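S.K.: Please see the structure below; I have some questions.
2 protein chains.
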Amino acid sequence: MPEYKAPLRDIKFVMNEVLESEKHYASLPGGEEATPDMIEAIIQEGAKFCEQVLSPLNAVGDKEGCTWTEDGVKTPAGFKEAYQQYVEGGWPSMTAPAELGGQGLPASIGLVMSEMVGTANWAWGMYPGLSHGCQNTLESHGTPEQKETYLPKLVSGEWTGTMCLTEPHCGSDLGILRTKAEPNADGSYSITGTKIFISAGEHDMAENIIHIVLARLPDAPQGTKGISLFVVPKFLTSGNGEVGERNAVKCGSIEHKMGIHGNSTCVMNFDGAKGYLVGPENRGLNCMFTFMNIARIGTAIQGLGSAELSFQGSLAYARDRLAMRSLSGVKNPDGPADPIIVHPDVRRMLLTQKAFAEGARALIYYAAQQSDLVRYSDDAEVRKEADELLSFLTPIAKAFLTEVGCESTNLGMQVFGGHGFISEWGMEQIVRDARIATIYEGTTGIQALDLLGRKVLMTQGESLKRFTKIVHKFCKEQGESEQLQDLLQPLQAHNKEWGDITMKVGMTAMKNRDEVGAASVDYLMYSGYLVMAYLWAKMAVVAQQQLEQGTSEEAFYTAKLQTARFYFKRLLPRAKAHGEAVLAGADSLMDMPEEHFVF
Amino acid sequence: MPEYKAPLRDIKFVMNEVLESEKHYASLPGGEEATPDMIEAIIQEGAKFCEQVLSPLNAVGDKEGCTWTEDGVKTPAGFKEAYQQYVEGGWPSMTAPAELGGQGLPASIGLVMSEMVGTANWAWGMYPGLSHGCQNTLESHGTPEQKETYLPKLVSGEWTGTMCLTEPHCGSDLGILRTKAEPNADGSYSITGTKIFISAGEHDMAENIIHIVLARLPDAPQGTKGISLFVVPKFLTSGNGEVGERNAVKCGSIEHKMGIHGNSTCVMNFDGAKGYLVGPENRGLNCMFTFMNIARIGTAIQGLGSAELSFQGSLAYARDRLAMRSLSGVKNPDGPADPIIVHPDVRRMLLTQKAFAEGARALIYYAAQQSDLVRYSDDAEVRKEADELLSFLTPIAKAFLTEVGCESTNLGMQVFGGHGFISEWGMEQIVRDARIATIYEGTTGIQALDLLGRKVLMTQGESLKRFTKIVHKFCKEQGESEQLQDLLQPLQAHNKEWGDITMKVGMTAMKNRDEVGAASVDYLMYSGYLVMAYLWAKMAVVAQQQLEQGTSEEAFYTAKLQTARFYFKRLLPRAKAHGEAVLAGADSLMDMPEEHFVF
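Chains as they are written, first to last, in our numbering: chain A, 594 to 1192; chain B, 594 to 1192.
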């Protein structure tokens, strides 16, 4: 397994230079405390933990996996101790509000730590990661008593949390879920049903586990409008922070799965477990959607992390492994062959991973800034604008980055040749771990419907226009930069085409609703390549300015420009194929009767 | 794991209707025995074996894997017994010449059986599959005595064979291999060295294992021109078919790997093992290349098989699983939701798998016909033409079909949503098993260099022109078919563009050899989409004719046409993005100095 090295220079480049985080944080109430020095210190400390503690446990977690026992699930050797260190280091509480015992730092700084944790060891990172959903739910919709009971321990990390949504017969379509909640005389509810695919649903790393559960009240309306939210602790608690009686929620089994073996994926049986209503009756899905964006950006990080880790692994191998001579002349005359990084096609694979990883970082940090604004800004107009932009970017970041993340992991493996298929090198683990990312937290198909159907067409294209205006303004501002015309011109052209394509799909969709589904995934991928092109152009502009001004880091900025050009020359052309597929219409998908798919 | 059902209707469609195999076989000396009735009987019998015996062992093999012991490698439960049945059924000898005890059927019929075996259980299929390389080597280059000693038992399947090429430090670059062969007084050689990634290198399914080993004679020239071929049996044999003394070749360990767990991937240690020279000294690689095409087509089958199996699995699930309502109106009013096959994006995934699987079948059978001509035709001109066409098609079939095979397996898994990631459904096994196919038997990068460098540019484009002429002629012949203009016109246009792009790459490559490597993989993928487009157009023409003539199988032929249209509308557009990348030039890959890839 490649040893993870946190890409601190690039993290700082994106945060400080491209996204001007100092200005950003200073604009937020209380944000002036997040000075560059302080942030740098935090990130360095976090990097050390991820490199030294989490990274070595990544292969262990895969090999050993989790073990189900009558008394609960055992996590792989070292996971529990690492979590203790994490809690003692105060990491869980970094971005929680001070009044809950948190350190009150902006959420975007938390995402940088999530990136490093998730890249070093995604399966481990899911244990604290899943707590956020639970914590956010209670913060936004819990009663004062619920907040008091659960939040301090969730914030400190002494307890962890889960989200229990999926059932055996439904995942994407939560409207048909069956778990029941019957009211008890004391105001609590008895929750009964089976939930599956509950990540971190049961483990031995924390004293208590707080489940947020979707269930139906008796006589609730059918469909999505009859779902309520409940908080169901593993151990009941008297509210004084001490755990009491064991609740009737048990892990029935854990799944055998392709990857993320270090994380327990649980079947959770609720047998009349005691739970408490969170938020209004029958409004469970709406409550959940309030923080869906940030949960999905959290999953987008897996795309970034897997591309980054795979890149680090394959780059090291490509420098080390000798095979054949460069077609343009021997590069390593003292060796029996040249290192494979001299071969153009190996470079194509490395640069693809690099361009996706760095582009993903820029996109995620950019989205994270919007989420800071939504959460902390005291200007309602700013909050609204940021919220709409974030809503537009979220399905793109989640689906596009996890798709290209998977591609990157496969390229990383390919660089290793036959060795890539062998477990001890660790590259195939990255492929297996990354593969879930395009599925959970809303599949690529679901994200694509969200983007094209809800976000773009339901706003009559307003959400897209908001973004294309940003791109347009950027291109205009940079219009004089002669050196970057090879990036700015195609960006401008694609930006215009994006609107045209959207208009055309919108027109056909008015006649036939299936056109939306037929176009959706290609539309999302098209959009992803364009959003990333914008961010690569932004990075190129910063790099170009630095080079023009004179810098001591000429090599760094030159490499940025080179990667940007690679992206525009070799990856952005794919948008065309997606654009054409978007306009290909639904007929070729819908004409075949279901019974004629095979004979 | 999906239960495999041999797609007999489609196999017959491609063989008999599209490729007119009756005419083809009749044109071969002795081939008139391969009547359609006989072939159908063989294929049906083979299908039964694959469906009933091999398919149920596919998940077993993955779960159990192989076990290394001091005394040899144990294969998963049932593998040995299935192999016995296979041998008793006479399957190994189907296409071997009658004088060696074979049944003398054309090789292309063997490939149909290989397809069914490989789709039902790829890991199992590799045990008999690897024998072919060994058998072909001895048949083409062995001495009469070697043939007599080894071939009858290899043909009958009582013994199996391997190819021992790769060493820890070299795979693609065999020129630097180190295994030594020292002459003994008795005319034999002592072979010493370590070979890795030897598929089926050691197992308990056959009485003896015959290794073909690449090694260097003392004072052999450096590089690829100093490699010789040796035959090294696990058990020495007196030539009377009985096995004797154990030879000094041992399996040191087996690899833990991502997939194909049922096949033993062995480290083979040769400690002065007794071997015999095959073919002339220092001409080992040339000898091997004589049957490289057919070995690579054999691996291309893995692309076909994994797409087919994945399609079968996800189609069944898509018909069964209920989630959400069709956007164009409820389709299953009696259920809580519609089966997901009503959703356009699910259909996109299913049709992609279907179009790739059926397109792959057509391409492989087409290539197999060429290999029949090379092997059996008594017309030297026909042999030469077929050989050149096969050489051109081989890297495309191997790399393109395994790449789109991997894509198909991932789509199949995606259709299952979260369940796709769970082992018990078997879809993730298909992804893992298929992943090796783009690596072994020459990676996609190696195939791409072979195609663009050796096959196309080194022949001044002649090999490409040979194929584009076939396509051109076909388009002209069908030019009047008004109903198929939506296929024929883009095919014709792409066919022309193919030549133009090739010319341009050729020009830049004259100035800078790195342009070949920079363009190669995109060139190969571009070529793959075009070759498959030709075959889909051919299939569409047959279907259209049947529909015009009136047929009792209207649904079958209509579905063929619909799949062809899907291919042209939704998949062929990708060729554009590859074409653009081909012409993007090497600079964006080569400009970055190696030390600047990370900071």
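Glycine included, every Cβ here is placed at the ideal spot set by N, Cα and C. None of these values were measured; they are calculated from a predicted model.
Once you ignore the five residues that flank PRO1083 of chain A on each side, which residues in its own chain have a CB closer than 7 Å to its CB?
M.R.: Excluding positions up to five away in sequence, the list reads PHE1161 and LEU1165.
S.K.: Tell me the DSSP bridge mates of VAL871 of chain B?
M.R.: Paired residues: B:LEU822.
S.K.: Looking at the unbroken alpha helix (DSSP H) that takes in THR817 of chain B, where does it start and where does it end?
M.R.: Note, THR817 of chain B: premise wrong, no alpha helix (DSSP H); not H, not E.
S.K.: Shorter than 7 Å from the beta carbon of ILE934 of chain B to some beta carbon of chain A?
M.R.: It does; some Cβ of chain A falls within 7 Å.
S.K.: Candidates B:LEU647, B:TYR618 and B:GLU663: which alpha carbon is nearest VAL842 of chain B's?
M.R.: With distances taken between Cα atoms, VAL842 of chain B lies closest to B:GLU663.
S.K.: Between A:MET861, A:HIS617, A:GLY834 and A:ASN777, which lies nearest to VAL666 of chain A when the distance is taken from Cα to Cα?
M.R.: Among A:MET861, A:HIS617, A:GLY834 and A:ASN777, the Cα nearest to that of VAL666 of chain A belongs to A:MET861.
S.K.: What are the start and end residues of each continuous alpha helix (DSSP H) run of 4 or more residues lying completely inside the segment 992–1031 of chain B, in chain order?
M.R.: Correct list: 994–1008 and 1020–1028.
S.K.: For the putative contact between MET709 of chain A and ALA640 of chain A, defined by C-beta atoms under 8 Å, what is the C-beta separation to the nearest angstrom?
M.R.: Rounded, the Cβ-Cβ distance is 6 Å, consistent with contact.
S.K.: Below 8 Å on C-beta distance, what does GLY1110 of chain B contact in chain A?
M.R.: Within chain A, the residues near GLY1110 of chain B are LEU920, HIS936, PRO937 and ASP938.
S.K.: Between which two residues does the beta strand (DSSP E) containing SER792 of chain B stretch?
M.R.: That run of the beta strand (DSSP E) goes 782–792.
S.K.: Return no unless some Cβ of chain B is closer than 7 Å to the Cβ of HIS1189 of chain A.
M.R.: Chain B, which has a Cβ nearer than 7 Å to the Cβ of HIS1189 of chain A, makes this yes.
S.K.: Which residues in chain A have a C-beta closer than 9 Å to the C-beta of CYS763 of chain B? List them in chain order.
M.R.: Within chain A, the residues near CYS763 of chain B are LEU915, ALA916, PRO929 and ALA930.
S.K.: What residues in the segment 1102–1128 of chain B bring their beta carbon closer than 7 Å to a beta carbon of chain A?
M.R.: Listed by position along the chain: ASN1105, ARG1106, ASP1107, VAL1109, GLY1110, ALA1111, SER1113 and VAL1114.
S.K.: For SER1113 of chain A, which residues in the same chain have their Cβ closer than 8 Å to its Cβ, ignoring the five residues on either side in sequence?
M.R.: Once the five neighbours on either side are set aside, the close Cβ partners of SER1113 of chain A are GLY1038, ALA1041, LEU1042, LEU1044, LEU1045 and GLY1046.
S.K.: Does the distance from the CB of ILE789 of chain B to the CB of ALA774 of chain B come in under 7 Å?
M.R.: Contact: no.
S.K.: For the segment 953–964 of chain A, which residues have a CB atom closer than 9 Å to at least one CB atom of chain B, in sequence order?
M.R.: Result list empty, no residue passes.
S.K.: Measure the C-alpha to C-alpha separation of VAL611 of chain A and ASP812 of chain B and round it to an integer number of angstroms.
M.R.: When rounded, the distance between both Cα atoms is 60 Å.
S.K.: Using 8 Å as the cut-off, can you tell me whether the segment 1097–1116 of chain A makes contact with the segment 935–942 of chain A, which would need three or more C-beta pairs spanning the two stretches below that distance?
M.R.: Output reads no: the segment 935–942 of chain A does not touch the segment 1097–1116 of chain A.
S.K.: Below 8 Å, can you find three or more Cβ-Cβ pairs linking the segment 881–890 of chain A to the segment 982–989 of chain A?
M.R.: Flag = yes, the segment 881–890 of chain A and the segment 982–989 of chain A touch.
S.K.: Just curious, the alpha helix (DSSP H) that VAL672 of chain B is in, first and last residue?
M.R.: Per the sequence shown, residue 672 of chain B should be read as Phe rather than Val. Unbroken alpha helix (DSSP H) run through PHE672 of chain B: 672–681.
S.K.: Opposite ASP864 of chain B in the DSSP bridges: which residues?
M.R.: According to DSSP, which records beta bridges pairwise, ASP864 of chain B is partnered with B:THR785.
S.K.: Closest by CA to ARG912 of chain A, which one among B:THR830, B:PRO629, B:HIS1189 and B:SER620?
M.R.: Closest option to ARG912 of chain A, Cα to Cα, is B:HIS1189.
S.K.: Going by alpha carbons, who is nearest to PHE904 of chain B out of A:LEU944, A:PHE1192, A:PRO595 and A:ASP1180?
M.R.: It is A:PHE1192.
S.K.: Hey, how far is the Cα of PRO629 of chain B from the Cα of LEU1128 of chain B?
M.R.: When rounded, the distance between both Cα atoms is 22 Å.
S.K.: Just to confirm my understanding: we take THR1036 of chain B, look at its own chain, exclude 5 residues before and 5 after, and list those with CB closer than 7 Å. What are they?
M.R.: Contacts found: SER765.
S.K.: Whether or not the segment 1017–1024 of chain B and the segment 988–1005 of chain B are in contact is what I'm after, with contact meaning three or more pairs of Cβ atoms, one per stretch, closer than 8 Å; do they touch?
M.R.: Enough Cβ pairs lie closer than 8 Å, so yes.
S.K.: Buried or exposed for LYS850 of chain A, please, with buried defined as at least 16 other CB atoms from any protein chain shown within 10 angstroms of its CB.
M.R.: It is buried - the Cβ of LYS850 of chain A has at least 16 other Cβ atoms within 10 Å.
S.K.: Please identify the residue among B:LYS598, B:TYR910 and B:CYS859 whose C-alpha is closest to the C-alpha of GLY658 of chain B.
M.R.: Checking every option, the nearest Cα to that of GLY658 of chain B belongs to B:CYS859.
S.K.: Nearest CA to the CA of LEU878 of chain B: which residue from B:GLU974, B:GLY1121, B:THR817 and B:GLU1075?
M.R.: Taking only the C-alpha atoms, the option nearest LEU878 of chain B is B:THR817.
S.K.: Within 8 Å, do at least three Cβ pairs link the segment 1062–1078 of chain B to the segment 1004–1015 of chain B?
M.R.: At 8 Å Cβ cutoff, the stretches do not touch.
S.K.: Taking CB distances under 7 Å as the criterion, tell me whether SER1016 of chain B reaches chain A.
M.R.: Closer than 7 Å to some Cβ of chain A, the Cβ of SER1016 of chain B qualifies, so yes.
S.K.: Under 8 Å between beta-carbons, which chain B residues line up against ARG1031 of chain A? List them in chain order, please.
M.R.: It is worth fixing the name first, because residue 1031 of chain A is Thr in this sequence and not Arg. Correct list: GLN1007.
S.K.: Can you give me the C-alpha to C-alpha distance between ILE791 of chain B and GLN1085 of chain B, rounded to a whole angstrom?
M.R.: Spanning the two alpha carbons is a distance of roughly 44 Å.
S.K.: Would PHE993 of chain A count as contacting chain B if we go by Cβ distances under 7 Å?
M.R.: With 7 Å as the cut-off, PHE993 of chain A does not count as an interface residue toward chain B.
S.K.: Between the segment 762–792 of chain B and chain A, which residues of the former have a C-beta closer than 7 Å to a C-beta of the latter?
M.R.: Cβ contacts with chain A come from CYS763, GLY764, SER765, ASP766, ILE769 and PHE790.
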